[in-house]
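In the working numbering, the protein residues as written are 1148 to 1230.
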Amino acid sequence: MYHRGINGVHEAIYHAVPMVIFPFLFDQFALAAAIRENGIGLVLRKHEITEERLELTIIIPRSYPCGPNARIIAMTCNERLHG
1148 MYHRGINGVH EAIYHAVPMV IFPFLFDQFA LAAAIRENGI GLVLRKHEIT
1198 EERLELTIII PRSYPCGPNA RIIAMTCNER LHG
């Protein structure tokens, strides 16, 4: 769970870790949209954050459908990097 730095996104994809993103500046919104569209993470906006929503968002990612998508994308990236 983080604000969305490109290095953190690359690491999460490489290791097939589903992401919870809190974009709040500049290009973070575009990358958050790509993460959501590719099904590899959840995106929360500042006005959506409540204690209950945050708790569910932290618990859900392991079983949320973004897990399998994250693994598929990670395998593709790893194959391209390591042949």
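We treat Cβ as the ideally placed atom computed from N, Cα and C, and that holds for glycine. Here the structure is a predicted model, which is why all the values come from computation and not from measurement.
The beta strand (DSSP E) enclosing residue i, as first and last residue numbers
i	result
residue 1168	1166 to 1168
residue 1191	Counting along the chain, residue 1191 falls outside any beta strand (DSSP E), and DSSP gives it neither H nor E.
Same chain only: Cβ atoms within 8 Å of residue i, ignoring 5 sequence neighbours per side
i	result
residue 1225	1161
residue 1221	1160, 1161, 1162 and 1163
residue 1200	1191
Terminal residues of the alpha helix (DSSP H) in which residue i lies
i	result
residue 1178	1175 to 1184
residue 1155	1153 to 1161
Supposed contact pair residue j and residue i - C-beta distance, whole angstroms, cut 8 Å
i	j	result
residue 1216	residue 1187	5 Å
Residues of its chain near residue i, where Cβ-Cβ distance is below 7 Å and the 5 sequence neighbours each way are ignored
i	result
residue 1218	1163
residue 1179	1151, 1168, 1170 and 1190
Residues near residue i in its chain [Cβ-Cβ closer than 6 Å; skip 5 each side]
i	result
residue 1228	none
Would you call the stretch 1186 to 1195 and the stretch 1163 to 1175 in contact, with 3 or more CB pairs under 8 Å? yes
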